[in-house]
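Listed in order, the protein sequences are those of chains H and D. Going by the numbering used here, the first sequence runs without a break in its numbering and finishes at 235. Going by the numbering used here, the second sequence runs without a break in its numbering and finishes at 235. In what follows, a single structure is set out as structure tokens and then discussed.
There are 2 protein chains.
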Amino acid sequence: MTDGLPAYEQVKEWIRQHIASGEWKPGMVVPSESALMERFGVSRMTANRSLRELANEGLVTRVQGSGTRVAELHRISSKLVIRDIHEEVAERGHVHTTRVLKVAQEQASAELAASLGVRKGARVFHTVLVHLENSVPIQYEDRYVNPAAAPDYLDSDFTQVSPTLHLLQHAPLTEASYSIEACLPTAEEAKQLEIAKTDPCLVMMRRTVSGANVASIARLVYPGSRYSFAGQFQA
Amino acid sequence: MTDGLPAYEQVKEWIRQHIASGEWKPGMVVPSESALMERFGVSRMTANRSLRELANEGLVTRVQGSGTRVAELHRISSKLVIRDIHEEVAERGHVHTTRVLKVAQEQASAELAASLGVRKGARVFHTVLVHLENSVPIQYEDRYVNPAAAPDYLDSDFTQVSPTLHLLQHAPLTEASYSIEACLPTAEEAKQLEIAKTDPCLVMMRRTVSGANVASIARLVYPGSRYSFAGQFQA
DNA sequence: CAGTGGTCTAGACCACCGA
DNA sequence: CGGTGGTCTAGACCACTGG
Numbered sequence: 001m002t003d004g005l006p007a008y009e010q011v012k013e014w015i016r017q018h019i020a021s022g023e024w025k026p027g028m029v030v031p032s033e034s035a036l037m038e039r040f041g042v043s044r045m046t047a048n049r050s051l052r053e054l055a056n057e058g059l060v061t062r063v064q065g066s067g068t069r070v071a072e073l074h075r076i077s078s079k080l081v082i083r084d085i086h087e088e089v090a091e092r093g094h095v096h097t098t099r100v101l102k103v104a105q106e107q108a109s110a111e112l113a114a115s116l117g118v119r120k121g122a123r124v125f126h127t128v129l130v131h132l133e134n135s136v137p138i139q140y141e142d143r144y145v146n147p148a149a150a151p152d153y154l155d156s157d158f159t160q161v162s163p164t165l166h167l168l169q170h171a172p173l174t175e176a177s178y179s180i181e182a183c184l185p186t187a188e189e190a191k192q193l194e195i196a197k198t199d200p201c202l203v204m205m206r207r208t209v210s211g212a213n214v215a216s217i218a219r220l221v222y223p224g225s226r227y228s229f230a231g232q233f234q235a
Numbered sequence: 001m002t003d004g005l006p007a008y009e010q011v012k013e014w015i016r017q018h019i020a021s022g023e024w025k026p027g028m029v030v031p032s033e034s035a036l037m038e039r040f041g042v043s044r045m046t047a048n049r050s051l052r053e054l055a056n057e058g059l060v061t062r063v064q065g066s067g068t069r070v071a072e073l074h075r076i077s078s079k080l081v082i083r084d085i086h087e088e089v090a091e092r093g094h095v096h097t098t099r100v101l102k103v104a105q106e107q108a109s110a111e112l113a114a115s116l117g118v119r120k121g122a123r124v125f126h127t128v129l130v131h132l133e134n135s136v137p138i139q140y141e142d143r144y145v146n147p148a149a150a151p152d153y154l155d156s157d158f159t160q161v162s163p164t165l166h167l168l169q170h171a172p173l174t175e176a177s178y179s180i181e182a183c184l185p186t187a188e189e190a191k192q193l194e195i196a197k198t199d200p201c202l203v204m205m206r207r208t209v210s211g212a213n214v215a216s217i218a219r220l221v222y223p224g225s226r227y228s229f230a231g232q233f234q235a
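Here it is in structure tokens:
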């Protein structure tokens, strides 16, 4: 333990290298906490932290009473970060503007009511807008909001504050789920995004939960030719 | 500290609730480790573990000497897990089969050579196959493999072992990057996936690194009508 | 039963920040 | 300078696994 790095990091690094080199294959037992104590002259708390963090990262699996093993399949798992679109465009040094198509109160259909967790016919907020990057449309956003989660949603100026940002600030996020598909745009979406009706789009359906309420349900349509999701994974 | 839950989890949960309820807003200071020691009657190591894990989860930020604060914007960040397709299909209780279209050695074009990190004209492996779930095509996989990373790649029986699995077993994964877009299929892809040329597809480009080598570059085409990526996020 | 991981404590030394 | 987080130790009790 001579390096400048913390001891628990040195232990992690040593284990990582044995796994990455293929020397320790999936399913094989990794040195136990007491073995690491001897090998590195560290306390058990330190050895424990190393193994626990590697387990959190998915590199090893631990079973009480049995031991620590190299994880079976290095699943390629990576963080997909969903960000406020205004922030994302700004970070590229571009200008983000918004075209507001609809800001309204509506009565929830049966299907929508079920998704939002409100009674059928209850009052819900509905916004439709288009996000532009340097005047080029990059996202069509069709969103329903539960008034219980964000009572003053409709008072927001959506040309200044994106719906995502308003919700993040007024309805702390506790849970979210999404799915990504490839679809053709509807006629209205194609028109607003200024693309052909045959241009494929990435469609993200996103549902966010804030505390006890479903806060919002959104359908986000991205022109396939102008947008992609990217991610990275490091072992 | 009466509950059945570990003390550090109880402390985390207490903090999470104050954040989720909106009581503690982004930027506000969270109780320090010593404050938590008093409040819960735990040792500093335990209080430290609670705050450290919350920081790893992105809920708070910590600055040495300054303190712990509620993180600025809850970015909706979620794990996108990319799995071996055979395993994924099997888990749904369906049958996975493979149609092998090409297994060959080729000379790398300039562009491909650059991506794979080999010399132009170097020998590379090239496979093309279609994955079927209950006899329905769900993925067209066009893959180039660096022989340095998996010398016996071509000896594999791809009807039994998927390329992903072979690579995971023979070339331990150290890094991966991907991007997801919406595209129309090529004529060949449409034919093999048994879809119309106008049906949008999800296309994932994936690049994996094993140790010092780029192991493989793959283009994975999913029929939009039969596949979606889903994910979830919990605060 | 011995070996493993899961948790917790009391105390310690250090580096850093801000008044 | 005091308060904060970053790390580490020696020892402890428990629950679980496997032979």
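The beta-carbon is built from N, C-alpha and C at its ideal position, and this holds for glycine as well.
According to DSSP, residues forming a beta bridge with Asp142 of chain D
D:Val128 and D:Arg219
| said: Please list, in chain order, the residues of the segment 186-207 of chain D that have any C-beta partner in chain H closer than 7 Å. | reply: Answer in chain order: Thr198, Pro200, Cys201 and Leu202.
Less than 6 Å between C-beta atoms, sequence neighbours within five positions excluded: which residues of the same chain meet that for Val42 of chain D? Ala7
query = What is the DSSP secondary structure of Met205 of chain D, counted as helix, strand or coil?
reply = strand
Please confirm whether Ala114 of chain D has its beta-carbon closer than 8 Å to some beta-carbon of chain H.
no
- Taking the Cβ atom as the reference point for each residue, do Leu115 of chain H and Ala230 of chain D lie within a distance shorter than 8 Å? It is Ser, not Leu, that sits at residue 115 of chain H in the sequence shown. Taking a C-beta distance under 8 Å as the contact criterion, Ser115 of chain H and Ala230 of chain D do not qualify as a contact pair.
Q. Quick one: does Thr61 of chain D have its CB under 8 Å from some CB of chain H?
A. no
Answer yes or no: do Pro147 of chain H and Arg119 of chain H have a C-beta to C-beta separation smaller than 8 Å?
-> No, the pair does not count as a contact, with Cβ atoms beyond the cut-off.
Using 8 Å as the threshold, is the segment 215-224 of chain H in touch with the segment 183-197 of chain H, meaning 3 or more CB pairs across them?
The segment 183-197 of chain H and the segment 215-224 of chain H touch, with three or more beta-carbon pairs separated by less than 8 Å.
*asked:* Let me check understanding here. Comparing Cα to Cα, which of H:Lys191, H:Ile217 and H:Ile15 lies closest to Leu51 of chain H?
replied: H:Ile15
Residues in the segment 129-160 of chain D having any Cβ partner in chain H nearer than 7 Å = none
### Task
Consult DSSP for Thr68 of chain H and reduce its assignment to one of helix, strand or coil.
strand
task = Identify whether Glu236 of chain H lies in helix, strand or coil by the three-state DSSP scheme.
result = Summary: the structure shown does not reach residue 236 of chain H, with chain H confined to residues 1 through 235, and so no result is reported for it.
Next on the checklist: Please report the distance separating the alpha-carbon of Ile82 of chain D from that of Glu38 of chain D.
Outcome noted: If I take the Cα positions, the gap works out to 44 Å.
**Prompt:** So with Cβ pairs under 8 Å, would you call Thr46 of chain H a contact of chain D?
**Reply:** no
Go ahead and label Leu5 of chain H buried or exposed: buried means 16 or more other beta carbons lie within 10 angstroms of its beta carbon, across all protein chains shown. exposed
Starting from the Cα of Val145 of chain H, find the closest Cα among H:Val209, H:Lys25 and H:Thr61 and give me that residue. H:Val209
With 8 Å as the limit, tell me which residues of the segment 5-24 of chain D have their beta carbon closer than that to any beta carbon of chain H; keep them in chain order.
Ile19, Ala20, Ser21 and Gly22
Next item on the list: Please report the Cβ distance between Ala71 of chain D and Pro26 of chain D, rounded to the nearest whole angstrom; I am assuming they are in contact, meaning their Cβ atoms lie under 8 Å.
Entry: Yes, Ala71 of chain D and Pro26 of chain D are in contact; Cβ-Cβ is about 6 Å, under 8 Å.
From the DSSP secondary-structure annotation, give me the bridge partner or partners of Lys102 of chain H.
H:Val128
Mind checking if Ile217 of chain D is an interface residue toward chain H, Cβ cutoff 8 Å exclusive? no
Task: Those residues which DSSP pairs with His96 of chain H across a bridge - done: H:Glu133
Checklist entry - DSSP puts Thr61 of chain H in a beta bridge; with which residues? => result H:Arg69.
CB-CB length for Val89 of chain H against Glu133 of chain H, believed under 8 Å: Rounded to whole angstroms, the Cβ separation of Val89 of chain H and Glu133 of chain H is 5 Å, and the two are in contact under 8 Å.
Checklist line | Of the listed residues H:Leu154, H:Glu9 and H:Leu112, nearest to Phe40 of chain H (C-alpha basis) | finding: H:Glu9
request  = Compare the C-alpha of Thr127 of chain H against each of H:Gly121, H:Glu87 and H:Asp157 and name the closest.
outcome  = The shortest C-alpha separation from Thr127 of chain H is found at H:Asp157.
Helix, strand or coil: how does DSSP classify Leu5 of chain H here? coil
*asked:* Does the CB of Gln238 of chain H have a neighbour CB from chain D at under 8 Å?
replied: It is not possible to answer for residue 238 of chain H, since the shown part of chain H is limited to 1 through 235.
Which of helix, strand or coil DSSP assigns to Ile15 of chain H: Helix, per DSSP.
| query | Do Ala215 of chain D and Ala108 of chain D have their C-beta atoms within less than 8 Å of each other? | reply | Note that the C-beta distance between Ala215 of chain D and Ala108 of chain D is not below 8 Å.
> Using a C-beta cutoff of 8 Å, does Gly286 of chain D count as contacting chain H?
Replying inline: The structure shown does not extend to residue 286 of chain D, since chain D is modelled only from 1 to 235, so the question has no answer here.
- request: Look at the alpha carbon of Ser228 of chain D and the alpha carbon of Arg207 of chain H, and state the distance between them as a whole number of angstroms.
  value: Inter-residue distance for Ser228 of chain D and Arg207 of chain H is about 15 Å (C-alpha atoms, whole angstroms).
### Message
Suppose contacts are defined by Cβ-Cβ distances below 8 Å. Is Leu129 of chain D in contact with Thr98 of chain D by that definition?
### Response
In contact: Leu129 of chain D and Thr98 of chain D (Cβ atoms closer than 8 Å).
- prompt: From the DSSP output, which residues share a beta bridge with Glu181 of chain D?
  reply: D:Val203
task: Have a look at the DSSP bridge pairing and note the partners of Gly231 of chain H.
output: D:Tyr178
Worksheet item: Of all the CB atoms in chain D, is at least one closer than 8 Å to the CB of Leu80 of chain H?
Response: yes
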